[in-house]
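Number of protein chains: 2
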Amino acid sequence: MTRQIEPDSPETKRTTSSGDKRKKVRPGRIRERNRERILMAAEKEFSQNGFGATTVQKIADRAGLPKSNVLYYFSNKKRIYYALMDDIMGRWNEMFSKIQPEDDPATTLASFIHAKVELSRTHPLASRLFALEIIQGAPVLKDHLSTTMREWVQARAGVIQQWIDAGRMAPVDPVQLILLIWSSTQHYADFQVQILAIEDKSEYTESDFQHAADFLTSVILRGCGLAP
Amino acid sequence: MTRQIEPDSPETKRTTSSGDKRKKVRPGRIRERNRERILMAAEKEFSQNGFGATTVQKIADRAGLPKSNVLYYFSNKKRIYYALMDDIMGRWNEMFSKIQPEDDPATTLASFIHAKVELSRTHPLASRLFALEIIQGAPVLKDHLSTTMREWVQARAGVIQQWIDAGRMAPVDPVQLILLIWSSTQHYADFQVQILAIEDKSEYTESDFQHAADFLTSVILRGCGLAP
DNA sequence: AAAAAACTGGACTATTTGGTCAGGAAATTG
DNA sequence: CAATTTCCTGACCAAATAGTCCAGTTTTTT
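Which chain is which? The protein sequence lines are H and V, in order. In this text, residue positions in the first sequence follow full-length UniProt numbering: the first is 1, and each later residue adds one. In this text, residue positions in the second sequence follow full-length UniProt numbering: the first is 1, and each later residue adds one.
Structural data, given as structure tokens:
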């Protein structure tokens, strides 16, 4: 996808295309690996402390690099943050395919729910980082929200509305439905600590996510008149 | 309710009971008014920047007081944060009454949803502050989550289970149901910017919340087999 | 009205922060 | 192999920060 997030100027000369992780580190190609390390460290730090309270030094320590090296790759703290946001939005964009009016509402919604829960499971840090950004007023992503993401939602909402008009599901507000799915799934990553505390567990198992996805699917589908 | 949050030592001598806002300022009772100003300013700043990135100076500026004065009322930054968390948990505790097995499931759930949406509407900053705390690992509230809040949820879940056993609603996981309601309602405060951007509005109206509450009620009740 | 308590605010400090920079190491190239 | 380009880093700095201190002022109590 195209890079849209970085407002200032290009972050640093990119010798290789970014975005594809875990590439086998070819000798002499330290660069990619370091960049990746920094981003992973930054994701952890930012999602734990927020942008303002994260120090470049802590990112550097976690990445096992000297601070000046981190600032060599990303000329300043904001650029690291932008790069992360970019990655996150990219991943989110790739994940969910188009939906068609001909598709089956039940299967489509179910697979959307599962995909979103899966995203919470596999990328909890990214999810939390996104949540922090939004809660704090989306200083970086505001534009993205009112363009790309808005169109994304409107397109899906349109199809859902067609399903409703065709009498294939109950008449519920499509945008609200998307928000409901979004929030209830996102929750499993963002409020992990709360859920674990309430359920008296120390960590999620894979089947917890399975269970959550099944629960959400059954309630929401029934709530949309798509199950008995 | 009892004050449980403040871990260190008592914050400062409290001459009057806190928690009750907007008391008419009696002459000479500057204290309450200043305390309140500071807490309101801090709520705004913390919920916008998180704990670490909020400076005492900014709180002071917003409260219209000199920094040293703020530090006179609250001996350090943490104490301000604790006081806020305390208020938030207190409000949350007061808000939701006990539920009984004899109650009607549909009405009870509906009024819970409405109350929670209402809380998002009237106290968005508190909601976001709570969300920030949880996302960042609940350093302050962790204990509270695994005791008070856990019991709160378990008690409600027990009643819901009784409803299910009595065949008064569909067999859904009660804890998951509470989480679903929690997350979907909380969302309206926490992700306000995202929702506004997606719906292309500049601010919520009262009827937006009404609409949201109605939507959630209808889908979730139907999802629990509590509506046709 | 005097003494005590509560409050105010400017000056100060030790520490931390983001970011710069000059020069050295390593790789690449001719 | 030498020249050139790329990559890396320790030392440094100006700005900002949480919190202290204390001398003075206002309010409350006696």
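Virtual Cβ for every residue (Gly too), placed ideally from N, Cα, C. Computed from a predicted model, the values in this text were never measured in an experiment.
Look at the Cβ atom of residue i, then the Cβ atom of residue j, and state whether they are nearer than 8 Å.
| i | j | result |
| --- | --- | --- |
| Ile135 (chain V) | Asp190 (chain H) | yes |
| Ala115 (chain H) | Phe96 (chain H) | yes |
| Lys142 (chain H) | Ala197 (chain V) | yes |
| Ala126 (chain V) | Ile88 (chain V) | yes |
| Asn34 (chain V) | Leu71 (chain V) | no |
| Val117 (chain V) | Cys224 (chain H) | no |
| Ile38 (chain H) | Phe74 (chain H) | yes |
| Gln48 (chain H) | Gly137 (chain V) | yes |
| Arg168 (chain H) | His123 (chain H) | no |
| Ser207 (chain H) | Ser183 (chain V) | no |
Can you give me the Cβ contacts of residue i inside the same chain, cut-off strictly under 7 Å, excluding the 5 residues immediately before and after it?
| i | result |
| --- | --- |
| Arg62 (chain V) | Ala41, Lys44 and Glu45 |
| Lys23 (chain H) | At Lys23 (chain H) the pLDDT is 27, less than 50, meaning the model places this residue with poor confidence and gives no usable figure here. |
| Ile160 (chain H) | Pro174 and Leu177 |
| residue 234 (chain V) | Nothing can be reported for residue 234 (chain V): it is not among the residues displayed for chain V, which extend from 1 to 228. |
| Lys201 (chain H) | none |
| Leu221 (chain V) | Ala106, Leu109, Ala110 and Ala227 |
| Ser120 (chain V) | Ser127, Thr185, Gln186, Tyr188 and Ala189 |
| Ala157 (chain V) | Pro174, Val175 and Ile178 |
| Gln162 (chain H) | Pro101 |
In chain V, which residues lie with their C-beta within 7 Å of the C-beta of residue i?
| i | result |
| --- | --- |
| Phe215 (chain H) | Val172, Asp173 and Gln176 |
| Ala212 (chain H) | Gln176 |
Please go through the same chain and pick out, in chain order, the residues whose beta-carbon is closer than 6 Å to the beta-carbon of residue i, but skip the five residues on each side of it.
| i | result |
| --- | --- |
| Ile195 (chain H) | none |
| Thr217 (chain V) | Ala110 and Ile113 |
| Lys77 (chain V) | Val56 |
| Asn69 (chain V) | none |
Which chain H residues sit within Cβ distance under 9 Å of residue i?
| i | result |
| --- | --- |
| Gln161 (chain V) | Those do not exist, as Gln161 (chain V) stays about 14 Å from chain H at its closest Cβ, beyond 9 Å. |
| Asn49 (chain V) | Gly50, Phe51, Gly52, Ala53 and Gln136 |
| Gln194 (chain V) | Ile134, Ala138, Leu141, Leu145, Met149, Leu179 and Trp182 |
| Val187 (chain V) | The identity of residue 187 (chain V) in the sequence shown is His, whereas the question assumes Val. The answer, in chain order, is Leu179, Leu180, Trp182, Ser183, Ser184, Gln186 and His187. |
Could you check if residue i is buried or exposed, using at least 16 other CB atoms within 10 Å of its CB as the buried criterion?
| i | result |
| --- | --- |
| Ala110 (chain H) | buried |
| Gln192 (chain H) | buried |
| Gln57 (chain H) | exposed |
| Gly28 (chain H) | Low confidence applies here, because Gly28 (chain H) scores a pLDDT of 46, under 50, leaving its location unreliable and the question unanswered by this model. |
| Ala166 (chain V) | exposed |
| Arg26 (chain V) | Only weak support exists for where Arg26 (chain V) lies, its pLDDT of 34 falling under 50; the coordinates are left without a value. |
| Glu203 (chain H) | exposed |
Please compile the residues from chain H whose C-beta is within a distance smaller than 8 Å of the C-beta of residue i.
| i | result |
| --- | --- |
| Ser218 (chain V) | Val172 and Gly223 |
| Asp190 (chain V) | Ala131, Ile134 and Ile135 |
| Ala197 (chain V) | Ala138, Lys142, Leu145, Ser146, Met149 and Arg150 |
Just the chain H side, please: which residues come within less than 7 Å of residue i by C-beta, in chain order?
| i | result |
| --- | --- |
| Arg128 (chain V) | Ile135 |
| Val153 (chain V) | Ile198 |
For a contact defined as C-beta to C-beta under 8 Å, what are the partners of residue i on chain V?
| i | result |
| --- | --- |
| residue 231 (chain H) | Nothing can be reported for residue 231 (chain H), as the shown portion of chain H is limited to 1 through 228. |
Counting only the same chain and skipping the five closest in sequence on each side, list residues whose C-beta sits under 8 Å from that of residue i.
| i | result |
| --- | --- |
| His181 (chain V) | The displayed chain sequence assigns Ile, not His, to residue 181 (chain V). Closer than 8 Å at Cβ, skipping near neighbours: Leu109, Phe112, Ile113, Lys116, Leu216 and Ile220. |
Q: Check whether the region 211 to 219 of chain H touches the region 161 to 179 of chain V, counting contact only when three or more Cβ pairs, one atom from each stretch, lie closer than 8 Å.
A: yes
(Q) Is it the case that the region 46 to 61 of chain V contacts the region 51 to 67 of chain H, given that we only count it when at least three CB pairs across the two stretches are under 8 Å? (A) yes
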